[in-house]
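Chemist: There's a structure below that I have some questions on.
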Amino acid sequence: MTQDRTSVPLALFGGPPTIERPLPPPATMGEDDVAAASEVIRSGVLSGYIGAPGDAFMGGPRVRAFEAQAAEYFGVRHAIAVNSWTSGLVAAVGAIGIEPGDEIITTPWTMAATATAIVHWCGIPVFADIDRETFNIDPASVERLIGRRTRAVIAVDIFGQSADMTALRDICRRHGLKLLGDCAQAPGAKVFDRMAGTLADIGGYSLNYHKHIHCGEGGVLVTDDDRHARRLALIRNHAEAVVHSERPADLANMLGFNFRMGEIEAAIASVQLGKLAPRVAARQRAAAQLDAGLSDLPGLKTPRVAVGNTHAYYIYGLQLDVAALGVPRERVVRALQAEGVSGIVGSYQNLHLLPMFRHKVAYGTGGFPWASPYCERTIHYGPGLCPVAEELHARTFLGLALGQFAHGPEAIGQVVAAFRKVWGQLDRLRAEARHRGEPCPA
Ligand SMILES: *Cc1c(COP(=O)(O)O)cnc(C)c1O
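Everything in the sequence shown is counted per our numbering, starting at 1 for the first residue and increasing by one.
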């Protein structure tokens with residue numbers, strides 16, 4: 001166990017920082033990725049897609065190979081590659097056939113694309129509160145919000161562990177709702193013996209540069225449902241030019257997108273998928289080391305992994321008991337940053353407080369789709385809607401972006417040492433906060 005360095009002044013007050021040199025961004029590309037990309041470039045065929053009926057409608061050889069590999073890896077019937085997970089979310093909401101004005105319940109603790117994917121189809125996002133322990137959507141809150149127009153729930157596996165899919169599946173089954181899974185932050189995490197993301201009707205993962213594995217920009221959808229898979233593939237590639245059915249149900253939401261992944265990205269994504277398991281394992285080792293090094297610090301709560309889950313630790317989510325500490329979070333964050341701790345996520349966003357929702361400005365300035373005949377009830381967004389999410393955001397959440405710490409036990413040991421040094425001198429922080437007239441947490 002690292003010694004509390006109480007004799008050394010905090011870096012915030014001019015002492016030497018615990019971590020002298022900032023960690024470089026982790027190296028994510030290897031020679032195998034380079035070789036795969038180079039082969040595509042040499043072939044001269046950088047995309048195999050054509051947006052018209054025929055063999056090329058489903059993409060080139062590397063896109064298809066990546067999809068087959070992903071379907072096998074995640075244990076699903078269908079994997080559908082797209083050019084970003086934002087595109088994947090838009091395709092998923094369209095594929096389940098929502099109508100303008102339909103409501104979809106989701107969480108405020110996610111990246112904006114989860115909710116804007118709903119608005120792209122003129123659907124109405126309804127925000128449920130989150131669970132205080134896992135930061136995932138709270139099933140009890142979901143059930144309270146179900147109304148006549150509710151069509152689906154989008155669960156988000158925030159920070160890397162699955163939402164409570166057992167409870168959410170049960171709710172969705174009882175109310176006839178579709179369940180979508182935004183698992184951008186949890187590829188490779190497990191729910192009992194299944195991969196996170198595969199318990200939803202449609203789930204999927206991001207392959208952007210910041211995620212566990214990446215190809216620059218990209219995403220992949222997973223589903224066991226043949227009809228959903230077909231509709232996803234259509235929406236991905238200019239369905240309007242391909243669907244010749246005259247049945248409105250087949251034509252619905254077949255509207256003009258190009259969400260196609262290129263061959264270079266697909267070739268890299270294939271190589272990267274082979275690296276997912278070791279990367280997740282490395283993050284889990286880092287998290288175990290942080291757990292061991294931090295769990296005895298007073299006023300600091302280490303992440304809880306729900307029963308049946310494994311955690312992929314996109315973010316290591318801590319909570320501060322600011323009343324017990326007597327120091328506001330921002331001061332703790334500044335002290336840690338001064339010690340050289342990087343990748344601190346000082347609070348997480350609350351989508352229901354974003355200006356576009358608070359002011360209901362999406363299409364033009366007239367409030368569409370909320371202020372339209374399609375929307376049958378007044379939906380309120382603003383403070384007070386999600387009290388747990390708001391309190392965690394405002395005062396107590398403190399996340400560590402583990403991507404920064406994929407540097408092995410020594411780097412993690414330094415992070416632990418920095419925390420222990422700060423915790424060893426909390427009285428200095430308290431005095432300083434008082435001196436500066438910073439509000440003392442009640
Ligand atoms: C990264 C992320 C997205 C968006 O993925 P992109 O591939 O960047 O479009 C959506 N939702 C969550 C929770 C994410 O973390």
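Note that CB positions come from ideal geometry on N, CA and C, so glycine has one too.
In the DSSP assignment, what are the bridge partners of Tyr316?
Modeler: Looking up residue 316 in the sequence shown gives position 316. Paired residues: Leu400.
Chemist: Within a Cβ cutoff of 6 Å, which residues of the same chain sit near Ala338, ignoring the five residues on either side of it in sequence?
Modeler: Residue 338 sits at position 338 when you count from the first residue of the sequence shown. Closer than 6 Å at the Cβ level, and outside the excluded window around Ala338, lie Ala11, Leu12.
Chemist: Using a Cβ-based criterion (distance less than 8 Å to any ligand heavy atom), does Gln272 qualify as near ligand 1?
Modeler: Numbered from 1 along the sequence shown, position 272 holds the residue referred to as residue 272. No, the beta carbon of Gln272 sits no closer than 8 Å to any heavy atom of ligand 1.
Chemist: Using only the alpha-carbon positions, how far apart do Gly44 and Arg231 sit?
Modeler: Counting from 1 along the sequence shown, the entry for residue 44 is found at position 44. Counting from 1 along the sequence shown, the entry for residue 231 is found at position 231. Distance between the alpha carbons of Gly44 and Arg231 is about 30 Å.
Chemist: For Arg443, name the three-state secondary structure that DSSP assigns.
Modeler: A question about residue 443 goes unanswered here, because the residues of the chain that appear run from 1 up to 442.
Chemist: Report the three-state DSSP secondary structure of Val126 (helix, strand or coil).
Modeler: In the sequence shown, counting from the first residue as 1, residue 126 sits at position 126. Three-state DSSP puts Val126 in a strand.
Chemist: Report back the beta-carbon spacing between Leu398 and Leu318 to the nearest angstrom; my notes put them in contact at under 8 Å.
Modeler: Counting from one through the sequence shown, the residue named residue 398 turns up at place 398. Counting from one through the sequence shown, the residue named residue 318 turns up at place 318. Confirmed, about 5 Å.
Chemist: Can you give the beta carbon distance from Gly188 to His214, rounded, assuming they're within the 8 Å contact cut?
Modeler: As a first step, residue 188 must be located in the sequence shown, where it is residue number 188. As a first step, residue 214 must be located in the sequence shown, where it is residue number 214. Going by Cβ atoms, the distance from Gly188 to His214 rounds to 13 Å, so no, they are not a contact pair.
Chemist: On the CB-based measure, 16 or more other CB atoms within 10 Å of its CB, does Met1 come out buried or exposed?
Modeler: Along the sequence shown, read from residue 1 onward, the residue named residue 1 stands at position 1. Reliability of the predicted coordinates at Met1 is poor, the pLDDT of 44 falling under 50, and the value obtained from them is presented with this limitation in mind. Exposed.
Chemist: Starting from Asp182, trace the beta strand (DSSP E) both ways and give me its first and last residue.
Modeler: As a first step, residue 182 must be located in the sequence shown, where it is residue number 182. Segment 178-182, the beta strand (DSSP E) holding Asp182.
Chemist: For Ile268, is the beta carbon positioned less than 8 Å from some heavy atom of ligand 1?
Modeler: On the sequence shown, position 268 is the one that residue 268 refers to. Flag unset: Cβ of Ile268 not near ligand 1.
Chemist: Any idea if Pro139 is buried or exposed, counting beta-carbon neighbours within 10 angstroms, 16 or more meaning buried?
Modeler: The count along the sequence shown starts at 1 and reaches residue 139 at position 139. Answer is buried; the Cβ neighbour count reaches 16.
Chemist: Got a sec, what are the start and stop residues for the alpha helix (DSSP H) Val280 sits in?
Modeler: As a first step, residue 280 must be located in the sequence shown, where it is residue number 280. Segment 276-294, the alpha helix (DSSP H) holding Val280.
Chemist: Here's the rule I'm using: 16 or more other beta-carbon atoms within 10 Å means buried, otherwise exposed. How should Arg420 be labelled?
Modeler: Counting from 1 along the sequence shown, the entry for residue 420 is found at position 420. So Arg420 counts as buried.
Chemist: Going straight from the alpha carbon of Gln185 to that of Ile315, what length do you get?
Modeler: By one-based count along the sequence shown, residue 185 stands at place 185. By one-based count along the sequence shown, residue 315 stands at place 315. So the two alpha carbons sit approximately 8 Å from each other.
Chemist: Give every residue of the same chain whose Cβ lies closer than 6 Å to the Cβ of Gly262, excluding the five residues on either side of it in the sequence, and list them in chain order.
Modeler: Walking along the sequence shown from the start, residue 262 turns up at place 262. Same-chain partners within the cutoff: Leu46, Ser47.
Chemist: Please state the DSSP three-state secondary structure of Ser7.
Modeler: Residue mapping note: residue 7 aligns to position 7 of the sequence shown, counting from 1. Of the three classes helix, strand and coil, the one that applies to Ser7 here is coil, per DSSP.
Chemist: Quick one: give me the first and last residue of the beta strand (DSSP E) that Ile105 is part of.
Modeler: As a first step, residue 105 must be located in the sequence shown, where it is residue number 105. 103-106 is the span of the beta strand (DSSP E), which, as asked, contains Ile105.
Chemist: Cutting at 8 Å between CB atoms, please list the residues of its own chain near Ala406, excluding the five before and the five after it.
Modeler: Working through the sequence shown from its first residue, we reach residue 406 at position 406. The answer, listed in chain order, is Pro26, Arg279, Ala282, Arg283, Ala286.
Chemist: DSSP three-state call for Val416: helix, strand or coil?
Modeler: As a first step, residue 416 must be located in the sequence shown, where it is residue number 416. Helix, per DSSP.
Chemist: Since Val34 is in the alpha helix (DSSP H), which residue starts that stretch and which ends it?
Modeler: By 1-based counting over the sequence shown, the position of residue 34 is 34. Unbroken alpha helix (DSSP H) run through Val34: 31-43.
Chemist: Hey, how far is the Cα of Asn237 from the Cα of Arg329?
Modeler: The count along the sequence shown starts at 1 and reaches residue 237 at position 237. The count along the sequence shown starts at 1 and reaches residue 329 at position 329. Spanning the two alpha carbons is a distance of roughly 47 Å.
Chemist: Going by the C-beta, is Asn350 closer than 8 Å to any heavy atom of ligand 1?
Modeler: For this step, residue 350 is matched to residue 350 along the sequence shown. No, the Cβ of Asn350 stays beyond 8 Å of every heavy atom of ligand 1.
Chemist: Measuring CA to CA, which of Phe357, Asp427, Thr198 is closest to Glu72?
Modeler: Residue numbering aside, residue 72 sits at position 72 when the sequence shown is read from its first letter. Nearest option by C-alpha distance: Thr198.
Chemist: Does Arg247 come out as helix, strand or coil in the three-state DSSP assignment?
Modeler: As a working note, residue 247 is residue 247 in the sequence shown. Of the three classes helix, strand and coil, the one that applies to Arg247 here is coil, per DSSP.
Chemist: Which word fits Pro22, buried or exposed, when buried means at least 16 other C-beta atoms lie within 10 angstroms of its C-beta?
Modeler: Residue mapping note: residue 22 aligns to position 22 of the sequence shown, counting from 1. Answer is exposed; the Cβ neighbour count stays below 16.
Chemist: Compute the distance between the beta-carbons of Ile456 and Thr107, then report whether it is under 9 Å.
Modeler: Outside the modelled stretch of the chain, which goes from 1 to 442, sits residue 456, for which no answer is possible.
Chemist: DSSP three-state call for Ile137: helix, strand or coil?
Modeler: Within the sequence shown, numbered from 1, the residue matching residue 137 stands at position 137. Strand.
Chemist: With burial defined as no fewer than 16 other Cβ atoms inside 10 Å of the residue's Cβ, what is the status of Asp157: buried or exposed?
Modeler: On the sequence shown, position 157 is the one that residue 157 refers to. Answer is buried; the Cβ neighbour count reaches 16.
Chemist: Please confirm if the segment 109-127 is in contact with the segment 296-303, defined as three or more CB-CB distances below 8 Å between the two stretches.
Modeler: No: the two stretches stay apart, fewer than three of their Cβ pairs being nearer than 8 Å.
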